[in-house]
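To start, the structure itself, in structure tokens.
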Amino acid sequence: MNRPPHSAPHPMSLHIHNLHATLEDGTAILKGVSLDIPKGEVHAIMGPNGSGKSTLSKVIAGNEGYLVTAGSVTLDDTDIFPMSIDERSRAGIFLAFQYPSEVPGVSNANFIRAALQARLPQGEELDAVAYYHRLYAKMDLLEIDRKFTARSVNEGFSGGEKKRNEILQLMMLEPQYAILDETDSGLDIDALKIVAKGVNAMRSPDRGFLLITHYQRLLDYITPDYVHVMAEGRIVRSGGPELALELEKHGYEFLKELALA
Amino acid sequence: MHTIPLAASSAALPCPAWFTARQQAAWTRYLAAPAPKRGDEAWRFSNIKQLDFSSFAKSTEAGPAADLIARSSGLEATAAKLIFVNETLVSAQSSLPAGVICLPLAEALVSHSALVEAHFMKQETRLGSAKYAAWHEASLTNGMFIHVPDDVEVAHPIEIHHWLAGDNTVIFPHTLVVTGSHAKVRVVEMFRSADELQPGLAIAVNDLSAGPGSKLDYVAIQAFNEVSRIIQINETAAARDAATTGFILNTGAAWVRNESLSRLEGAGARSDMLAVSIPARAQEYDQRTFQHHVSAGAFSDLLYKNSLYDYATTIFSGLIFVDEGAHHTDAYQTCRNLLMSDTCEANSMPGLEINADQVKCSHGSTSSQISEEEIFYLRARGIDPIAARQLIARGFSVEVVERLGNPALEALVIRFIDDKFAHIASGGA
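Residue numbers (the numbering used here), protein chains in the order written: chain A, 1 to 261; chain B, 1001 to 1429.
What follows is the structure in structure tokens.
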């Protein structure tokens, strides 16, 4: 089980190699992150606030607020850095946002439909009947009320509703690699269970997951294959699910020693 | 469905004396009134050059009527559908409840002269275009007269098409809608050009008079070609407990002037004043509004939204006016501009004048661009930046359309909005 985490890239994986990134003002956030997420595996990254976890997800998604200064990210051996934000999504990368945007006036159903339409060849129209059939089935699984199809994207949604909406998009878009950025934050236990149910339903040999979380709690419901600990822009330790429990027991304090080491 | 005999709508019908006198007096007023000039408050920011109408003349031809009838698609279910080409009625179908009058004005002037006289152009045109209202009154040869008697509800909307055909043609569309006590009706008008190249001019008036407890919804869809101009004057009077909605969509024309005035005349009256405008290239839309609270205890709510592309210009000037004694007024006014280019220009002049006590009023205008955060979110779902901006701009407009509360009408309006966005996306001219 405990495969060396920084081994040579698997040909069918999301491979992050020696990634360095800074803010626009030059502040270094990622200082050499290496990680290989093969399809079929669930990796969790844990770490204290400010360790660079969320930045890693944003850099992979293509957020233009960061500057990549070194390293690479490849999707099944293809360099993703030349791709635009939307091209990366269509290529199979999905980011569930920590703080999903509100988009006034755009109904949730039209939004997800536009995202699916964007994946079809030019001139091909999405089958509306089949689309709604699928949408409703996923909404039922995530216990999302039907009235949310007509509501504006995330507008006036509670924290839990926004996170469930992210998972709904994940289920509809069926990406090859999904990165969940603190999807558990701000969720009560019932909402967390529903979100976990959605993620577990999407686990598949054809899909890799990267779960970013501050707390071990999420990992009680989604069991990862590997756990990595991030501190000060680097992965300082990797292990199996037991590492999360160890962290829970000792807190993030002991990481400081690891980071210094 | 029965068809109104077209001969009946001929402009050659004898007019009642009162109407002839009104037309003559209006012509005198038109000639006497000075043309608006730079510096007039009611024309602040306006492009006065657009008011040179000397090249336009009335056309006696009905144009390519058969073709235009075929192109007059609208709602699936209507209570009546009437098609005018250059003020000439070329097609009429109706299946209205008994007692409802829905006639070409030329015919109603003969058959219901006293009723028309009681409501015809009763309010003073006070938002700047009095001269053009007089020109309209003096020149119109036809129009629509709709009267819904007490307690009668018309289930489906009445649909009216106005086609502008020929080179440098001017038309004077007139629509007068009167509802009796607790009556209910929806009217939708569409303004279009027969072709994309010939300039035209419309000086349109729609008067809405909502009786006590009645519900009157009016929708105007303006999609003229981009070399035409229109002045549209809308005057609404809402009696006690009446609820009126006036909605304007502007996608077409080179230059538009909308003047909308709502008079709240009784307690419990409500007026919703809504507009969506999507100007692109060099289109100029100029909108003036007046929420006149005459009675105590009435409600008005205005929401105008503009999405501006390219070099487009909009002007919004609105005034909430609360008369002395109109206590317990609720009045709201919002104009929102979505700036889709760095070269467009949105001018907003919201205003408020309160002469009564215990009123709840607010007014405001905002201009903004689409936030980068929203664009990033949509792009992170695979939607390309152009489609993402389009989706957000469409949503911005659709929010107003949804206030209509009628799926069929909303779908019709959204169809025109989508046509406009497709036109913008294709870079069409």
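Note that the Cβ used here is the ideal one computed from N, Cα and C, for glycine as well.
On a predicted model such as this, the values are computed, not experimentally measured, just so you know.
- A residue is called buried when at least 16 other Cβ atoms come within 10 angstroms of its Cβ; Pro121(A) does not meet this threshold and is exposed.
- Residues of the same chain with a CB within less than 6 Å of the CB of Phe1019(B), apart from the 5 flanking positions on each side, are Leu1109 in chain order.
- The C-beta of Arg151(A) comes no closer than 7 Å to any C-beta of chain B.
- Within 9 Å of the CB of Pro104(A), the CB atoms of chain B belong to Glu1374, Ile1392, Gly1395, Phe1396 and Glu1399, in sequence order along the chain.
- If the five residues before and after Lys1081(B) are omitted, its C-beta is found closer than 6 Å to the C-beta atoms of Gln1093 and Glu1159, all from its own chain and listed in chain order.
- Here Tyr66(A) is bridged, per DSSP, to Leu23(A).
- If you draw a straight line from the Cα of Met1190(B) to the Cα of Ile1233(B), it is about 15 Å long.
- Taking all protein chains in view, the Cβ of Glu1124(B) is surrounded by fewer than 16 other Cβ atoms within 10 Å, so the residue is classified as exposed.
- Using a C-beta cut-off of 8 Å, the segment 1260-1273 of chain B makes no contact with the segment 1382-1394 of chain B, since fewer than three inter-stretch Cβ pairs fall below that distance.
- At least 7 Å separates the CB of Ile29(A) from every CB of chain B.
- Nearest neighbour of Ile1424(B) by Cα position, chosen from Thr1251(B), Leu1352(B) and Gly1405(B), turns out to be Thr1251(B).
- For Trp1163(B), the enclosing beta strand (DSSP E) starts and ends at Ile1158 to Leu1164.
- When the Cα atoms are used, Asn63(A) and Pro241(A) turn out to be separated by approximately 30 Å.
- Leu1249(B) does not reach chain A, its nearest Cβ partner there being about 16 Å away, counting only Cβ pairs nearer than 9 Å.
- Residues of the same chain with a CB within less than 7 Å of the CB of Ala1134(B), apart from the 5 flanking positions on each side, are Ala1026, Arg1029, Tyr1030 and Ala1033 in chain order.
- The residue among His1363(B), Asn1347(B), Thr1169(B) and Phe1416(B) with its C-alpha nearest the C-alpha of Ser1046(B) is Asn1347(B).
- Comparing C-alpha distances from Ala1204(B) to each of Thr1245(B), Thr1179(B), Ala1021(B) and Ala1138(B) shows the shortest one belongs to Ala1138(B).
- Looking at Ile189(A), His228(A) and Thr149(A), the one whose alpha-carbon comes closest to that of Val42(A) is His228(A).
- The three-state secondary structure of Gly1074(B), taken from DSSP, is coil.
- Distance from the Cα of Val1085(B) is smallest, within the candidate group Phe1172(B), Asp1419(B) and Ser1055(B), for Phe1172(B).
- Burial state of Val236(A) is buried, judged by a 10 Å Cβ sphere holding 16 or more other Cβ atoms.
- Look at Ala1380(B): its C-beta is under 7 Å from a C-beta on chain A.
- According to the DSSP assignment, Ser185(A) belongs to no alpha helix (DSSP H), since it is labelled neither H nor E.
- In the DSSP assignment, His228(A) forms a beta bridge with Ile45(A) and Ser238(A).
- Taking C-alpha positions only, Gly1405(B) is separated from Ile1101(B) by approximately 25 Å.
- Contact between Thr1141(B) and Glu1087(B) holds: CB atoms are separated by about 5 Å, below the 8 Å threshold.
- With a cutoff of 7 Å on beta-carbon distance, Ala1194(B) and Ala1155(B) are scored as not near each other.
- Within the same chain, and ignoring the five residues on either side of Gly1211(B) in sequence, the residues whose Cβ sits closer than 6 Å to its Cβ are Thr1179, Gly1180, Ser1181 and Ala1239.
- In terms of Cβ geometry, Val153(A) and Val106(A) form a close pair [threshold 7 Å].
- The C-beta distance from Leu1308(B) to Thr1334(B) rounds to 17 Å, too long to meet the 8 Å contact threshold.
- Among the residues of chain B, those whose CB is under 9 Å from the CB of Arg119(A) are Gly1382, following chain order.
- Contact between Ala1275(B) and Gln1283(B) fails: their C-beta atoms lie close to 15 Å from each other, not under 8 Å.
- Across the set Arg1022(B), Thr1175(B), Phe1056(B) and Ile1320(B), the C-alpha of Phe1056(B) shows the shortest separation from the C-alpha of Pro1199(B).
- Beta bridge pairing from DSSP links Glu1259(B) with Ile1233(B) and Arg1288(B).
- For Glu1196(B), the three-state secondary structure derived from DSSP is coil.
- DSSP places Tyr1377(B) in the uninterrupted alpha helix (DSSP H) bounded by Glu1372 to Arg1379.
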